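Going by UniProt numbering, the sequence shown wraps up at 657, each residue one higher than the last. All residues carry an ideal CB built from backbone N, CA and C; glycine is no exception. All values reported here derive from a predicted model rather than from experimental measurement. This report refers to the structure that appears directly beneath it.
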Amino acid sequence: MNKIYCPSLTEYKRRETIEVKIGEVPMGAHHPIRVQSMTTVDTMDTLGSVEQCIRMIEAGCEYIRITAPSIKEAENLRHIKAELRRRGYDTPLVADIHFTPNAAEVAARIVEKVRINPGNYADKKKFEVIEYNDETYQAELDRIRERFVPLVRICKEHGTAMRIGTNHGSLSDRILSRYGDTPLGMVESALEFLRICEDEQYYNIVISMKASNTQVMVQAYRLLVQKLEEEGLKPYPLHLGVTEAGEAEDGRIKSAVGIGTLLEDGLGDTVRVSLTEAPEAEAPVAKALIDRYTHRAQKAQPIKPLCNVPIDPFQYHRRETLEVDNVGGQNVPRVIADLSQLRDIQYADLKSVGHLYSMLLDKFNMNDLGADYIYTGDHAINFMLPNGLKEIINYVPWQLVEDQEHRHPLLTVKQYLSASQLHPTLNFIETDVHGLTEELMERLKQDTSAVLILYTSNEHAMPELRKCFFRLMNNGIATPAIIKRSYGALSADEVQLYASTDVGGLLIDGLGDGVLLGTELLPAQEKQDWLKTIDKLNHLSFGILQAARTRMSKTEYISCPSCGRTLFDLQETTAMIRKRTDHLKGVKIGIMGCIVNGPGEMADADYGYVGVGKDKIALYRGQTVVKKSVPADRAVDELIELIREDEKWIEPMQMEA
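What follows is the structure, encoded as structure tokens:
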């Protein structure tokens, strides 16, 4: 299979697409990457919807999506649009359609764009496995054509755009039966509808491949691009998004890992960041992700083209490496915390990297975000570290310390190649792409104690680091490698998004045995401010590993961003569930506002909390409903009881002060 899914893996180039006309704000071709979000107010609340739309527009939204679950909501889009136009706002509106072709046909005559979900536009999902032969499958496609063609013709007549939006969690039983729960299934789900559009000579189309699992999401978009080209279909613009990303820091990290990975390779023409927050909070995050690429091509240093791509970009495989101490091999990716800017480190300072010291008991407790290594630069720590934490110091001072066995040296390439003394089991060598010379690689082939720390100063950072990994793989080097990124005078939000993209994009492709977020480019601070910075970077490191699905260190919440269909206060409920369950390491809980975003959208959650009526909740184990109509005031307790039944519940541990 052809492994190239983007214009270039080394040079920043946006993928060339056709132009899609959406009101007065066209998408694709030479146009900027657009920002969009979705309302959460009941669509029948005309003034409430209008006021929220205005807040979203003022926050930076260029398209606004509104749910239309039935004909009455679709009809009311006319009043919302009229009031917005009366107030001087001409932002295009998008009708969001699930299950109801007749609502789509009404909306397509009113708004500038309709979004349909191939998984439930013409199919019902009953989680049944169905046996098809070619003849019976074609009969199903003929049925879909009959349901779908009327909408296509209405859109064509009225100049209405369409998004064919596949969601991983709502693939139809038909697609699952033939293709399985795979990125290929997602792509084929969209292509079935797209082929009908092209037969009707209707091309005003945008496509999306959303998933809550960032690996699946990235693979599906890449495969879509390749399949469009392979089949000779038009290069349609792409709408990027991670479904049900969640709230706060976790939601932003997860969105950046998925969306940023694709933007790095020039894919994507519009972005929606799905947060369980007010919709006006989404647009600034999307804009911050997009703005990073405005001048990327001019600022990037040239990277030599690749001779060979040694990975499969459409399927996750972790790079095979040696196990060096507890790095590489089958070990989870490690977190190295950078304490090199601190002087006179005390017991209490290690709280910033997840190791809490109790004076009363004279012992350490490690929380779920306890770093595996600390890098202390030129200044070795003068006390014994807690179990599970190891120290890295620069090579020259390491040669002078008394206890070399329990500390590990960090060497430059030059120091490594000329070193007469090394640690017997674990040595770290820091290099960029230019340092990966034939001499270094020949030495690494003979050394079972080496771990690389790969860094870059290139503005086009992720592709240059990826080239480092490709060079190692193409030369048969199995040395583990830590991904290092350092950022200077950026805001905390920018660091969060940029690091999630740069590191997460590599992890999604199975590249990287750990993460080190460096502090050397940051301006000088007081010690307490340094500790706060280190704490944030440590949380960020673990958050990126979790979002990329490579190290699960905390509870994961797959929560939808709310919309007009939502049957309870999502933000308040998510906060309540998080408060009582956020100590359940590795457990995935789906929190869905309605049955549309129910058992399908939470895809691979262990447990689900889904609104099924006013103040009524259905509880799921996986994708199976186990309690159908629980009163909302008892639902969290019942959810915890369900987790207890499965023997996955543990009592929260009180950390010693």
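* Please say whether Lys414 and Leu454 have beta carbons closer to each other than 8 Å? => no
* Identify, in the order they occur along the chain, each residue of the same chain with its Cβ nearer than 6 Å to the Cβ of Ala283, setting aside the five sequence neighbours on each side. => Val35, Ser37, Ala59, Gly60, Cys61
* **Limits of the unbroken beta strand (DSSP E) element including Leu410** => 407-412
* Asked: In the DSSP assignment, what are the bridge partners of His355?
  -> Met366
* May I ask you to report which of helix, strand or coil DSSP gives Thr67? => strand
* **Close-in-space but distant-in-sequence residues of the same chain around Ala657 (CB under 7 Å, 5 per side omitted)** => A caution first: Ala657 carries a pLDDT of 39, below 50, which makes its placement in the model unreliable, though a value can still be read off. Closer than 7 Å at the Cβ level, and outside the excluded window around Ala657, lie Ser358.
* Taking 7 Å as the cut-off, is the CB of Gly505 close to at least one heavy atom of the ligand NAD? -> Absence of the ligand NAD is noted for the structure shown, with no ligands found whatsoever.
* Asked: Leaving out the 5 sequence neighbours to the left and right, which residues in its chain are closer than 6 Å to Arg55 when beta-carbon positions are compared?
  -> Glu280
* Is the shortest distance between the beta-carbon of Ser208 and the beta-carbons of chain C less than 8 Å? -> Among the chains of the structure shown, chain C does not appear; only one protein chain is present.
* Asked: Is there contact here, the segment 150-157 with the segment 188-206, by at least three beta-carbon pairs under 8 Å?
  -> yes
* For Glu323, which option in Tyr293, Asn427, Val257 has the closest C-alpha, if you only look at C-alpha atoms? -> Asn427
* DSSP three-state call for Leu389: helix, strand or coil? -> coil
* Does the beta-carbon of Ile650 have 16 or more other beta-carbons within 10 angstroms, so that it is buried, or is it exposed? -> exposed
* Alpha-carbon to alpha-carbon, Ala300 and Ser491 -> 21 Å
* Around the Cβ of Asp372, are there at least 16 other Cβ atoms within 10 angstroms (buried) or fewer (exposed)? -> buried
* Alpha-carbon spacing of Asp134 relative to Leu176, whole angstroms -> 15 Å
* **Lys588 - containing alpha helix (DSSP H), residue span** => Lys588 -> not in any alpha helix (DSSP H); beta strand (DSSP E) instead, spanning 588-592.
* What is the rounded straight-line gap between the Cα of Gly329 and the Cα of Asp513? -> 8 Å
* To do: Would you mind stating whether Arg174 and Glu131 have Cβ atoms separated by less than 8 Å?
  => no
* Would you mind working out which of Tyr487, Arg443, Met462, Leu506 sits nearest Asn475, comparing C-alpha positions? => Arg443
* **Residues near Val50 in its chain [Cβ-Cβ closer than 8 Å; skip 5 each side]** => Ile80, Glu83, Leu84, Arg87
* Asked: With DSSP run on the structure shown, which of helix, strand or coil describes Ile196?
  -> helix
* Asked: Near Gly590, what residues of its chain come up, given a Cβ to Cβ distance below 6 Å and the 5 sequence neighbours on each side ignored?
  -> Ile558, Met602, Ala605, Gly608
* Rounded to whole angstroms, what's the CA-CA distance from Leu422 to Pro409? Just pull it up for me. => 8 Å
* Asked: Who are the near neighbours of Ile640 in its chain, counting only those whose CB is closer than 8 Å to its CB and skipping five residues on each side?
  -> Arg580, Thr581, Trp649
* **Contiguous alpha helix (DSSP H) assignments of at least 4 residues, all confined to the segment 288-320** => 296-299
* For Val309 versus Ile508, is the C-beta distance shorter than 8 Å? -> no
* Answer yes if the segment 510-530 comes into contact with the segment 230-237, meaning at least three C-beta pairs across the two stretches below 8 Å, and no otherwise. => no
* To do: Whole angstroms is fine: what's the gap from Ala348's alpha carbon to Tyr121's?
  => 57 Å
* Assumed close pair Ile374, Val353 - CB separation to whole angstroms, cut-off 8 Å -> 6 Å
* To do: Could you check how far apart the C-beta atoms of Leu223 and Val187 are, in whole angstroms? I think they sit under 8 Å.
  => 5 Å
* To do: Return the chain-ordered list of same chain residues with a C-beta closer than 8 Å to the C-beta of Glu200, the five sequence neighbours on each side being excluded.
  => Val149, Val152, Arg153, Lys156
* Cβ-Cβ separation, Glu264 to Ser212 (assumed contact under 8 Å), whole Å -> The pair is not a contact, with the Cβ atoms about 20 Å apart (cut-off 8 Å).
* My guess is that Pro463 and Leu9 are in contact by the Cβ rule of under 8 Å, so how many angstroms apart are they, rounded? -> 6 Å
* Does DSSP put Gly258 in a helix, in a strand, or in coil? -> helix
* **Cutoff 8 Å; reference Arg551; Cβ partners in own chain excluding five residues on either side** => Val332, Pro333, Phe542, Leu545
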